[in-house]
Amino acid sequence: MDDKILIPISFFLMVFGIVYLIYSTRNRERLALIEKGVDASIFLQGKGSGVPAWKVFVVNVAFLLIGSGVGIFLALLITTYTSLNDGAVYPSIIFIMAGIGLLTGFKTAKDLDKE
Numbered sequence: 001m002d003d004k005i006l007i008p009i010s011f012f013l014m015v016f017g018i019v020y021l022i023y024s025t026r027n028r029e030r031l032a033l034i035e036k037g038v039d040a041s042i043f044l045q046g047k048g049s050g051v052p053a054w055k056v057f058v059v060n061v062a063f064l065l066i067g068s069g070v071g072i073f074l075a076l077l078i079t080t081y082t083s084l085n086d087g088a089v090y091p092s093i094i095f096i097m098a099g100i101g102l103l104t105g106f107k108t109a110k111d112l113d114k115e
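Using the UniProt record's numbering, you'd call the opening residue of the sequence shown number 1 and step up by one each time.
Now the structure itself:
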């Protein structure tokens with residue numbers, strides 16, 4: 001058997017094992033609570049309230065892309081008007097601005113959750 005095929009197979013088995021473990025553990029916990037006579041409405045707590053996850057994801061991705069774009073533009077301006085090395089300026093400015101964008105997205109998503 002070729003060694004290259006073992007990597008995707010082992011990765012798939014690892015992901016499958018983790019997902020199986022999560023769902024089987026959750027199922028056992030729920031069955032144990034039901035056997036104790038706990039009300040089943042505790043499984044629905046947190047559902048329906050708050051902002052949907054896809055909206056938070058879209059806000060964070062939007063701010064990440066905006067930050068990356070501003071970072072590329074700032075790096076272009078810096079390398080054009082200074083004698084700094086392109087290889088150091090571009091990644092550093094892009095990562096800094098992407099981080100600022102993610103931080104802004106996080107704060108915006110937190111504000112959306114308060115509404």
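Ideal placement from N, C-alpha and C gives every residue a C-beta, glycine not left out.
Residue i versus residue j - alpha carbon distance
i           : j           : result
residue 74  : residue 97  : 9 Å
residue 8   : residue 20  : 18 Å
residue 59  : residue 106 : 8 Å
residue 51  : residue 62  : 16 Å
residue 79  : residue 13  : 47 Å
residue 69  : residue 53  : 24 Å
residue 88  : residue 104 : 25 Å
residue 114 : residue 35  : 36 Å
residue 94  : residue 2   : 40 Å
residue 37  : residue 30  : 11 Å
residue 28  : residue 92  : 47 Å
As assigned by DSSP and simplified to three states, the class of residue i
i          : result
residue 83 : coil
residue 37 : coil
residue 8  : helix
residue 52 : coil
residue 2  : coil
Exposed unless 16 or more other CB atoms sit within 10 angstroms - verdict on residue i
i           : result
residue 16  : exposed
residue 67  : buried
residue 101 : buried
residue 42  : exposed
Best match in the options for proximity to residue i [C-alpha to C-alpha]
i           : options       : result
residue 64  : 99, 89, 78, 9 : 99
residue 71  : 90, 82, 33    : 90
residue 112 : 18, 83, 56, 6 : 56
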